[in-house]
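What follows is a single structure, written as structure tokens, with notes after it.
Below you can see the structure in the form of structure tokens.
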């Protein structure tokens with residue numbers, strides 16, 4: 238525990254079974270405050286930003302039992318975003334039939350448990366506004382949904398904090414359900430420096446022993462199986478995960494877990510930001526270091542391998558669920574997005590291969606979703622994406638040339654659903670015949 242004599246010598250911490258305990262909540266609030274005020278990374282200091290088209294005002298009136306949907310009309314402020322699993326039954330959404338009522342007020346008791354907990358945490362952080370996709374986007378208004386879903390990059394990047402219901406299977410589960418922490422065994426311990434105190438030990442399951450850090454357990458939690466959640470995690474400036482076993486905090490400086498482990502850096506970033514000290518130490522220019530650390534298309538391919546096993550409620554969301562990341566990549570690199578691939582690496586991108594044919598895991602979507610040359614045209618696993626020039630020490634000779642390409646979006650979002658697409662290329666043609674072998 239924090240107030241015990243050996244707390245400064247031993248990194249591990251005891252996990253409380255009740256996430257609403259004052260000690261647990263104080264730890265979470267301290268993580269957020271320390272990130273915003275003490276971290277050197279520029280993306281960790283988040284001030285007022287343009288509020289989304291709609292937000293939930295959790296400080297509406299004097300009654301804590303009421304909140305409201307609010308349209309800020311371009312105002313600036315701080316807001317928290319929620320990342321969550323909807324579940325099979327969409328219990329509470331904003332639609333054309335109830336949006337006027339929601340703008341007048343929403344009963345706190347009518348909200349599903351995950352939303353109630355998000356409101357509670359937003360108030361504890363003294364933030365007035367909360368953004369929840371199912372309530373802040375009109376779900377049966379096609380143009381509204383397309384327009385607002387195209388702003389996901391901006392919404393999650395500008396949020397003061399993203400709260401992730403990582404361990405919740407559906408919105409009725411809640412963020413703050415009791416956990417089942419390890420069974421601790423207490424014993425006395427004396428350090429070499431003579432410092433003495435109580436230590437709380439527990440048995441580590443064999444399947445966890447091979448993991449460098451406890452954050453690996455996030456991969457097994459329900460939110461990690463949701464397609465939209467990948468970009469919500471990637472785009473957020475910082476995230477407070479309420480996972481099955483414990484809390485985690487993730488920002489551009491490090492990842493922290495409730496049990497005391499700390500991992501430097503972030504699990505992903507389109508650019509590794511260059512600190513001024515690196516320029517001095519390595520004797521290189523800032524532009525040279527940035528160019529060396531650029532990971533654009535290769536990071537995209539890595540994200541796709543994490544993306545394809547995830548679930549989508551609507552098959553047509555295959556590209557829209559990545560549209561925020563695609564927009565960020567294009568703005569950062571100046572590259573051109575081509576139905577899930579990139580113009581600068583289009584030849585390499587075309588090498589992908591469906592790998593689930595024999596096992597029956599690969600299938601075509603119920604309706605047209607992308608050109609056949611895009612990985613987004615199938616459901617199922619694929620391999621070899623971006624394989625070609627990735628390998629160092631290998632000489633490659635280009636025998637195919639992309640002359641032109643074009644993708645026609647289905648709506649207003651150029652990174653969303655696709656109506657059609659084509660590639661014009663010049664390359665040798667090799668006759669092939671179908672093999673009868675299985």
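In the numbering used here, the protein residues as written are 238 to 675.
All C-beta atoms, glycine included, are put in the ideal place defined by N, C-alpha and C.
In the three-state reduction of the DSSP assignment, residue 618 falls in the coil class.
For residue 386, the uninterrupted alpha helix (DSSP H) segment begins and ends at 379 to 386.
Taking a contact to require three or more Cβ pairs closer than 8 Å, the stretch 350 to 364 and the stretch 274 to 286 do not qualify as touching. It is roughly 30 Å from the alpha-carbon of residue 372 to the alpha-carbon of residue 493.
If one requires a minimum length of 4 residues, the alpha helix (DSSP H) runs lying completely within the stretch 529 to 563 are 533 to 544, in chain order.
Beta-carbon to beta-carbon, residue 402 and residue 295 are separated by about 17 Å, too far to satisfy the 8 Å threshold. In this chain, the beta strand (DSSP E) harbouring residue 305 covers 303 to 307. Beta-bridge annotation (DSSP): residue 646 is paired with 655. Annotated as proximal: residue 488 and residue 475, with beta-carbon spacing under 7 Å.
Using a Cβ distance threshold of 7 Å, residue 468 and residue 556 do not count as a contacting pair. Annotation for residue 390: 472, 561, 564 and 565 place their beta carbon closer than 6 Å to its own, counting only its chain and skipping 5 residues before and after. Checking the DSSP bridge columns, you'll see residue 367 partnered with 293 and 317. Under DSSP, the beta-bridge partners assigned to residue 491 are 501. By the Cβ test, the stretch 375 to 391 is not in contact with the stretch 543 to 553, since fewer than three Cβ pairs between them sit closer than 8 Å. In this structure, residue 589 sits near residue 612, with a CB-CB distance shorter than 7 Å. Looking at the DSSP output, residue 484 bridges to 479.
By the criterion of at least three beta-carbon pairs nearer than 8 Å, the stretch 346 to 354 is in contact with the stretch 407 to 415. Taking C-beta separations shorter than 8 Å and ignoring five residues to either side along the sequence, the partners of residue 600 in its chain run 615, 616 and 617, following chain order.
Taken through DSSP and simplified to helix, strand or coil, residue 640 comes out as strand. When the alpha-carbon of residue 545 is set against those of 339, 658 and 463, the nearest one is in 463. Beta-bridge pairing by DSSP links residue 590 to 620. If you look at residue 472, you'll find it in the alpha helix (DSSP H) that goes 464 to 472. Check the Cα spacing between residue 398 and each of 383, 480 and 364: the tightest is with 364. For the 7 Å CB-CB criterion, residue 317 and residue 400 form a contact. DSSP places residue 337 in no beta strand (DSSP E) but in the uninterrupted alpha helix (DSSP H) bounded by 336 to 341. Taking C-alpha positions only, residue 672 is separated from residue 643 by approximately 33 Å. Excluding sequence positions up to five before and after residue 303, its CB lies within less than 8 Å of the CB of 297, 342, 343, 344 and 345, all in the same chain and listed in chain order. Minimum Cα-Cα distance from residue 413 among the listed residues 268, 602, 479 and 325 corresponds to 479. Selection 604, 585 and 466 evaluated against residue 637 yields 585 as nearest (Cα-Cα). In this structure, the alpha-carbon of residue 654 lies about 34 Å from that of residue 633. Listed in chain order, the non-local C-beta contacts of residue 384 below 7 Å within the same chain comprise 649, local neighbours out to five positions each way being set aside. CA-to-CA, the gap between residue 328 and residue 348 works out to about 9 Å.
Excluding residues up to 5 positions away in sequence, 618, 619 and 620 lie with their Cβ nearer than 7 Å to the Cβ of residue 592 in the same chain. In terms of Cβ geometry, residue 501 and residue 534 do not form a close pair [threshold 7 Å]. Rounded to whole angstroms, the gap between the alpha carbons of residue 374 and residue 587 is 35 Å. The shortest CA-to-CA distance from residue 639 to any of 652, 668, 645 and 575 is the one to 575.
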